[in-house]
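Trainee: So the number in our numbering is just where the residue sits in the sequence shown, counting from 1, plus 134. Idealized CB from N, CA, C, for every residue including glycine.
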Amino acid sequence: MRASARTHASVGTRTTEDFLRPWTASVTAGELLGFCAPALVGPLVWDARPAIALPALMAAGVVEGAVLGWSQARVLRGPLPALSRRRWIVGTAVGASIAYLFGMLPSTTYGTWSSWPVAAVVVVGIVVGGLLLCSIGVAQWLELRRHLASAGLWVLASAAAWAVGLTAFVLVSTPLWQPGQGPVLVAAIGALGGLVMAATMAITTGLAMRHLLRRMVP
Numbered sequence: 135m136r137a138s139a140r141t142h143a144s145v146g147t148r149t150t151e152d153f154l155r156p157w158t159a160s161v162t163a164g165e166l167l168g169f170c171a172p173a174l175v176g177p178l179v180w181d182a183r184p185a186i187a188l189p190a191l192m193a194a195g196v197v198e199g200a201v202l203g204w205s206q207a208r209v210l211r212g213p214l215p216a217l218s219r220r221r222w223i224v225g226t227a228v229g230a231s232i233a234y235l236f237g238m239l240p241s242t243t244y245g246t247w248s249s250w251p252v253a254a255v256v257v258v259g260i261v262v263g264g265l266l267l268c269s270i271g272v273a274q275w276l277e278l279r280r281h282l283a284s285a286g287l288w289v290l291a292s293a294a295a296w297a298v299g300l301t302a303f304v305l306v307s308t309p310l311w312q313p314g315q316g317p318v319l320v321a322a323i324g325a326l327g328g329l330v331m332a333a334t335m336a337i338t339t340g341l342a343m344r345h346l347l348r349r350m351v352p
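#1: Specify, as a first and last residue, the run of the alpha helix (DSSP H) that His345 falls within.
#2: Helix, strand or coil: how does DSSP classify Trp204 here?
#3: Thinking Ala207 and Leu217 are a contact (beta carbons under 8 Å), I'd like their distance in whole angstroms, please.
#4: So what's Thr226 in DSSP terms, helix, strand or just coil?
#5: Skipping 5 residues on each side, what residues in its chain have a beta carbon closer than 7 Å to that of Cys268?
#6: Find out if the Cβ-Cβ distance for the pair Val201, Leu167 is shorter than 8 Å.
#7: Let me check understanding here. Comparing Cα to Cα, which of Leu346, Val161, Leu174 lies closest to Ala325?
#8: Would you mind reading off the limits of the alpha helix (DSSP H) that contains Arg155?
#9: Exposed or buried, what is Pro172 when buried is set at 16 or more other beta-carbons lying within 10 Å of its beta-carbon?
#10: What does the alpha-carbon distance come out to for the pair Leu266 and Pro317?
#11: Can you find the residues in the same chain that come closer than 6 Å, C-beta to C-beta, to Val272, ignoring five residues on each side of it along the sequence?
#12: Alpha carbon to alpha carbon, what distance is there between Tyr244 and Pro184?
#13: Roughly how many angstroms separate the alpha carbons of Val306 and Thr339, rounded to a whole number?
#14: Give the C-beta separation of Phe236 and Val258 to the nearest angstrom, bearing in mind that I take them to be a contact with Cβ-Cβ under 8 Å.
#15: Between the alpha carbons of Val330 and Asp181, how many angstroms are there, rounded?
#16: What residue range does the alpha helix (DSSP H) around Gln274 cover?
#17: Using a threshold of 8 Å, state whether the C-beta atoms of Leu310 and Pro213 are closer than that.
#18: Once you ignore the five residues that flank Ile186 on each side, which residues in its own chain have a CB closer than 7 Å to its CB?
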């Protein structure tokens, strides 16, 4: 019995220590591939009415989230073999779609909040931004809590990772985008920003998940 426990601990420790590299590679590729959906849909609905643009981007978010969720679940099944890949992927897809909903609120509701006091706009903006950043983490927590006692920390870690990733995207892409650029160049710049965002988010979430998995190993 003791030998079995030692073997389980050894395997668990080795799996945890080997976790970061495959997670980073898989999640970077998954998010970059999934990000192609909103990157393609966004320009098509740029000037469309909110009633068209919002559901289109939310649908693109479902695609992005599903690909991202798959890229994460395939690695998580190593240290967490009981993890439901289906629930993780569906949850990530729904969370990503909700994130696009919150992300579109400022533009789709501009006529409502544009006349509000500055303080009210700031407070509501912080709340909406927080909900956007937490949406994927909360959706994934619903499955992760079945396997990790400290799963609640994942919500905060995921939100922080997306904040860092989105900031990296803005810092890389915004200075490079200039008026008059052709669609190919605009797309290339967006792809570069997407790659930086994906890698930054993947590394940050990987470090956080590895920490949570280490706490699980006896």
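Mentor: By the coordinates alone:
#1: 317-350
#2: helix
#3: 7 Å
#4: helix
#5: Val289, Ala293
#6: yes
#7: Leu174
#8: 154-178
#9: buried
#10: 28 Å
#11: Val289
#12: 11 Å
#13: 20 Å
#14: About 11 Å separates the two Cβ atoms, so there is no contact after all.
#15: 27 Å
#16: 252-278
#17: no
#18: Val179
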